[in-house]
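Have a look at the structure below before the remarks.
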Ligand code: PMP
């Protein structure tokens, strides 16, 4: 799609929106006597409002993601970016969004909150990419398609070319949620971002980067789309304490942790497959495994009794009798494996 056509997808009221202008949007210098924002002038580290554009933290993220600051949005978790997609592109009560099932639950919750119809394609038993069914489900009011890859809770990535063909053929926005991409063997779609103007890629610092508690999610897209995100978000959506801790903690090299978790994923999968109660371990490109067992509720409760908490996903269609098990530290995984092995 051409950028002009993409920008026509923005709701009229949002395209015409005159955003709130903060004191710090008007004066960008760091030194001076700040009598512009009605703050308390006695310094305590947090008495000033944060940078609404988060330029310093974005600069750091830009270096390791290889994406320019103007192609980036920083949110209160990627959940904020999901909600903004609806608020920017979907007219309540008229437009719709399409996704796959089973997948991440917030796409539907955010649609419901925004009074946007939500449509889903049930994935097949192998969780393969349903390109044709997705196309068939979209109509002229479909503004958003959410694709989660690697997908939660199935764990698999969808083949890059299949996703790209779909993005090229679709006349709305495709949001590819790459929350787990750092654990994947496959490349991120960030590598092709400039070529697909209707693509928004979501990532997060909550998973591989180990910062779930700071609530920092990322969206990447064309600079014009990102400028709409910037005007619709709450002016100071990221606070100073969070930004400072993130700047510090992002100096850590997480590569070794990621490599260890990937090798644990293989070790745990191989061990589980050999166990009596395990029927299938689904291939995973993420930091969790979806495991089909003979009695998911029974095993879930046996694990809980030993204070090992996993997620029972059995009530999701296509995930009957499955547990979703996050890959932990080696000793945590050993404990989980021992309980599963001794069960029934
Ligand atoms: N997308 C997916 C696929 C997820 O699984 C999650 C969290 N479970 C999120 C997004 C939300 O992440 P964040 O912590 O950045 O809000």
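In the working numbering, the protein residues as written are 150 to 493.
Just so it is clear, CB atoms sit at the ideal spot from N, CA and C, and this is done for glycine as well.
- Burial is judged here by how many other beta carbons sit within 10 angstroms of a residue's own beta carbon; residue 199 has at least 16 and is buried.
- Distance from the Cα of residue 224 is smallest, within the candidate group 339, 345, 324 and 352, for 352.
- Sorted by position in the chain, 226, 227, 228, 253, 297, 301, 326, 328, 353, 355, 361 and 366 make up the residues whose C-beta lies under 6 Å from a heavy atom of the ligand PMP.
- Between the alpha carbons of residue 210 and residue 493 lies a gap of roughly 48 Å.
- Note that the C-beta distance between residue 420 and residue 486 is below 9 Å.
- Following the DSSP letters along the chain, one finds residue 297 inside the beta strand (DSSP E) bounded by residues 291-297.
- Excluding the 5 residues flanking it on each side, residue 482 has same chain C-beta neighbours closer than 7 Å at 413, 417 and 476, in chain order.
- The segment 332-342 makes no contact with the segment 182-198; the number of CB pairs closer than 8 Å stays below 3.
- Taking 3 residues as the minimum length, the beta strand (DSSP E) runs contained wholly in the segment 364-430 are 366-369 and 427-430, in order along the chain.
- Rounded to the nearest angstrom, the Cβ distance from residue 372 to residue 220 is 6 Å, consistent with a contact under 8 Å.
- By the Cβ-count criterion, residue 277 is exposed, with fewer than 16 other Cβ atoms from all chains shown falling within 10 Å of its own Cβ.
- Taking one beta carbon from each stretch, the segment 394-402 and the segment 174-192 have fewer than 3 pairs nearer than 8 Å; the two do not touch.
- The Cβ neighbour count for residue 157, taken over all protein chains shown within 10 Å, is under 16; the residue is labelled exposed.
- Looking at the DSSP output, residue 266 sits in a beta bridge with 245.
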